[in-house]
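K.L.:
Numbering (my numbering), first residue to last: 276 to 557. Where is the CB? At the ideal position from N, CA and C, for every residue including glycine. Here the structure is a predicted model, which is why all the values come from computation and not from measurement. Pasting a structure here, questions to come.
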């Protein structure tokens, strides 16, 4: 019995040591990174067509904020399409319809509805891609607010044809709200300031975080497209793309603000989905 306890103790401490050493390596890599120079769109080149995908499901409290920020994107309307991938069953759908109807540039928005929610978010993204015109695809979840200059800040990094994805850092709209939101902000800041930055600086595998990033359309297709066999379709596609030799860029200096879950139940559900999805990918 004592031998079993000792082996278990030793094994767990060994795993903990490996984890700590790994985090330390990422921290050193992040601190020693070469800061990426800011890139600007070449005015002599035609701008690429970009599809912005907004997957939503029953988001009546935040959908209007998301749509209003999307409408302010600083990008030519003839080079932009915004797909609202709406699987909602509540009044979110009516809010979207009213917004598009009253929007001066309503033709830029495409309200996409499906007959069922097969594949959930992955299914919605794949469904929208069937009719997407963009060479590049930006993705934002409903709880985000899109920076008007987001596309102009990110698109220049695709000048390198080997870059398949550009991911940006998450910022937090409601960090001071409570002890729970402050704790979440600390954990997410650790992920984006040490783990993502460290992996990117060390040229290791990194992941698309499901939102606040842009994909090259041919990269999605080459990697096998969005698949719904895990709860974290973003992590799954990220690794399949990098196995195919596509390169990921992480922009630490470009922030995308979002709202953190304010109730423990919402936070617990989110963490369960992320943890289970990661295990499924493994």
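#1: What are the partner residues of residue 444, as DSSP defines its beta bridges?
#2: Assign residue 439 to one of three DSSP states: helix, strand, or coil.
#3: Just to confirm the assignment, what range does the beta strand (DSSP E) spanning residue 356 have?
#4: If residue 415 and residue 430 are in contact, beta carbons under 8 Å, what's the gap, nearest whole angstrom?
#5: In angstroms, rounded to a whole number, what distance separates the CA positions of residue 425 and residue 297?
#6: Taking buried to mean at least 16 other C-beta atoms within 10 Å of its own C-beta, is residue 371 buried or exposed?
#7: Could you name each continuous beta strand (DSSP E) segment of 3 residues or more that falls completely within the segment 314-339, going from the start of the chain to the end?
#8: Using the rule of at least 16 other Cβ atoms within 10 Å of the residue's Cβ for burial, across every protein chain shown, is residue 330 buried or exposed?
#9: Please check the pair residue 322 and residue 374, which I expect to be a contact at CB under 8 Å, by giving their CB distance rounded to whole angstroms.
#10: Should residue 421 go down as buried or exposed, given a rule of 16 or more other Cβ atoms within 10 Å for buried?
#11: List in chain order: all unbroken beta strand (DSSP E) runs of 3+ residues lying wholly within the segment 354-430.
#12: Mind checking who residue 522 pairs with in its DSSP beta bridge?
#13: Which ranges does the alpha helix (DSSP H) cover as unbroken runs of at least 4 residues, wholly within the segment 442-509, from first to last along the chain?
#14: Hey, could you find the ends of the alpha helix (DSSP H) residue 295 is sitting in?
#15: On the premise that residue 338 lies in contact with residue 417, defined as a C-beta separation below 8 Å, what is that separation, rounded to the nearest angstrom?
#16: For residue 476, which residues in the same chain have their Cβ closer than 8 Å to its Cβ, ignoring the five residues on either side in sequence?
#17: According to the Cβ coordinates, are residue 514 and residue 480 closer than 8 Å?
#18: Using 8 Å as the cut-off, can you tell me whether the segment 456-470 makes contact with the segment 381-390, which would need three or more C-beta pairs spanning the two stretches below that distance?
#19: Between which two residues does the alpha helix (DSSP H) carrying residue 539 extend?
#20: What does the alpha-carbon distance come out to for the pair residue 295 and residue 353?
#21: If you pair each beta-carbon of the segment 434-449 with each one of the segment 528-538, do three or more pairs fall below 8 Å?
#22: Looking at residue 510 and residue 498, is the spacing between their C-beta atoms short of 8 Å?
#23: By the 10 Å Cβ neighbour count, where 16 or more other Cβ atoms means buried, how is residue 220 classified, buried or exposed?
#24: Taking the beta carbon of residue 291 as the centre, do at least 16 other beta carbons fall within 10 Å, making it buried, or is it exposed?
P.N.:
Let's see:
#1: As a working mapping, residue 444 is identified with position 169 in the chain shown. Its beta-bridge partners are 530.
#2: As a first step, residue 439 must be located in the chain shown, where it is residue number 164. Residue 439: strand per DSSP, three-state reduction.
#3: The sequence position of residue 356 within the chain shown is 81, counting from 1. Counting along the chain, the beta strand (DSSP E) containing residue 356 begins and ends at 355-361.
#4: Locating residue 415 in the chain shown gives position 140, where the first residue counts as 1. Locating residue 430 in the chain shown gives position 155, where the first residue counts as 1. Contact check for residue 415 and residue 430: beta-carbon distance about 15 Å, past the 8 Å limit, so the pair fails to qualify.
#5: Here the question's residue 425 lines up with position 150 in the chain shown. Here the question's residue 297 lines up with position 22 in the chain shown. Going by the C-alpha atoms only, they are around 32 Å apart.
#6: On the chain shown, position 96 is the one that residue 371 refers to. Residue 371 is classed as buried because its beta carbon has at least 16 other beta carbons within 10 Å across all chains shown.
#7: List check, beta strand (DSSP E) in window: 325-331.
#8: Position 55 of the chain shown holds residue 330. Answer is buried; the Cβ neighbour count reaches 16.
#9: As a first step, residue 322 is located in the chain shown; it is residue number 47 there, counting from the start. As a first step, residue 374 is located in the chain shown; it is residue number 99 there, counting from the start. Rounded, the Cβ-Cβ distance is 25 Å, inconsistent with contact.
#10: Position 146 of the chain shown, counted from the start, is the residue given in the question as residue 421. With a threshold of 16 other beta carbon atoms within 10 Å, residue 421 meets it and is buried.
#11: If we require 3 residues or more, the beta strand (DSSP E) runs fully inside the segment 354-430 come out as 355-361, 384-388 and 411-414.
#12: The residue given as residue 522 occupies position 247 in the chain shown. Its beta-bridge partners are 438.
#13: Contiguous alpha helix (DSSP H) elements confined to the segment 442-509 occur at 454-465, 471-476 and 492-497, taking only those with 4 or more residues.
#14: Numbered from 1 along the chain shown, position 20 holds the residue referred to as residue 295. Following the DSSP letters along the chain, one finds residue 295 inside the alpha helix (DSSP H) bounded by residues 277-306.
#15: Residue 417 sits at position 142 when you count from the first residue of the chain shown. Residue 338 sits at position 63 when you count from the first residue of the chain shown. That pair is a contact at about 6 Å.
#16: The sequence position of residue 476 within the chain shown is 201, counting from 1. So the list reads 304, 305, 307, 308 and 309, once near-sequence residues are dropped.
#17: Here the question's residue 514 lines up with position 239 in the chain shown. Here the question's residue 480 lines up with position 205 in the chain shown. With respect to the 8 Å criterion, residue 514 and residue 480 are classified as neighbours on the basis of their beta carbons.
#18: Cβ pair count under 8 Å is below three, so no.
#19: Residue mapping note: residue 539 aligns to position 264 of the chain shown, counting from 1. Element bounds for residue 539: 539-556.
#20: Here residue 295 refers to the residue found at position 20 of the chain shown. Here residue 353 refers to the residue found at position 78 of the chain shown. In this structure, the alpha-carbon of residue 295 lies about 50 Å from that of residue 353.
#21: Touching, yes, given that three or more Cβ pairs across the two stretches are closer than 8 Å.
#22: Here the question's residue 498 lines up with position 223 in the chain shown. Here the question's residue 510 lines up with position 235 in the chain shown. Contact flag unset, no.
#23: The chain is shown only over 276 to 557; residue 220 falls outside these bounds and no answer can be derived.
#24: As a first step, residue 291 must be located in the chain shown, where it is residue number 16. Exposed is the call here.
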